[in-house]
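In this note's numbering, the protein residues as written are 1 to 404.
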């Protein structure tokens, strides 16, 4: 049976980035750029004023100096004046520095009159000037391939006039739940029936990272139903199934996938919850067979499917960063298996992280996923943790909220 890290490494080695497409700049927000972005010009493009004030020659200036004002330069205005010795030009933020000037004196450091200005303090060359290329030089790499484009990156790209961006296309993920006991959302509940929540949860998780989810509905526990639904799902970039992968008489998913040409890469991971997780490939199409328990399905998606989908969409960072956090209470587990414990995460009085179980860790307790902000990875070779011990934790989903 594979360890937690072996399973993840094997999955990531098996999946490949999708094809590249060019999309409008705003549509690229939240997606990973597929190629390095190189500056096609300098930023700033020209020397300009960082303040509203007066353009001057520093050598003409000392506290108490009065200079005649010989021109005015607004942002975006024509550069039709210069600064001769012992003169000043009124200038607005962003306007180009006029010839002859080498410093800007902000309005608040002057006393103004209609045709002249008195300087209140010392002035040195370069004051309040944004110089051409001081931020970025032509030919410089400004964004590395695999970077997710946030508003800051969009702002930078727009500053360079970049209208279209190369990104990996969104991954199309087919999602199938299996089991005779399942009922569709909105159906009248029946005795023994279970609402198909997994499809909706997994689809939401796919959408949260920028993928496209296709709900295939429910396959019953017979080969014909499974063959039809799984065959349709294999037309997507990725197929995710839930349930039907344990060792029961009606757990037929892996057998039917084999009949459809899916080559199983592994079945079972040495973790709790989520042990009966399977991974296979049909050509380059990954197939994830997750447990049917809603908590196990979401956790195995988070730990194994999510990083794979991010790689397919060209992301550079795949796994969540791990933080050290102090346990607020003792924990006992079985030796020999990595436990993925749902935890509430808080910031302690010293600014560090502390965690506590988000509730009963039985995988039938769905509320613990709602109350959890993170997953604590409890090592396979340990049985007991004392209160105050430090453990590795990562946040869940795209969450940044702590202690909510």
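The beta-carbon is built from N, C-alpha and C at its ideal position, and this holds for glycine as well.
Contact between residue 165 and residue 22 holds: CB atoms are separated by about 7 Å, below the 8 Å threshold.
About 19 Å separates the beta carbons of residue 92 and residue 68, which is beyond the 8 Å limit, so they are not a contact pair. When DSSP states are grouped into helix, strand and coil, residue 110 belongs to the strand group. In this chain, the beta strand (DSSP E) harbouring residue 263 covers 263 to 267. Between residue 335 and residue 385, the C-beta gap is not smaller than 8 Å, which leaves the two residues out of contact. In the displayed model, residue 97 falls within coil according to three-state DSSP, outside both helix and strand. Counting only runs of 4+ residues, no alpha helix (DSSP H) is found wholly inside the stretch 334 to 362.
Under the three-state reduction of DSSP, residue 392 is assigned to strand. With contacts defined by Cβ atoms closer than 8 Å, residue 156 and residue 142 form a contacting pair. In this structure, residue 35 sits away from residue 174, with a CB-CB distance that is not shorter than 8 Å. Annotated as distal: residue 289 and residue 238, with beta-carbon spacing of 8 Å or more. For the options 83, 47, 388 and 353, the alpha carbon positioned closest to that of residue 132 is the one of 47.
Between residue 322 and residue 387, the gap from beta carbon to beta carbon reaches 8 Å or more. In this model, residue 9 and residue 168 are separated by some 22 Å (Cα to Cα).
Of all C-beta pairs linking the stretch 337 to 344 to the stretch 356 to 370, three or more are shorter than 8 Å, placing the two stretches in contact. Check the Cα spacing between residue 309 and each of 56, 192, 296 and 285: the tightest is with 285. The three-state reading of DSSP puts residue 220 in coil, since its state is none of H, G, I, E or B. Note on residue 127: 16 or more other CB atoms within 10 angstroms of its CB, so buried under the neighbour-count rule. Contact fails between the stretch 25 to 33 and the stretch 70 to 88, because fewer than three Cβ pairs, one in each stretch, are under 8 Å apart.
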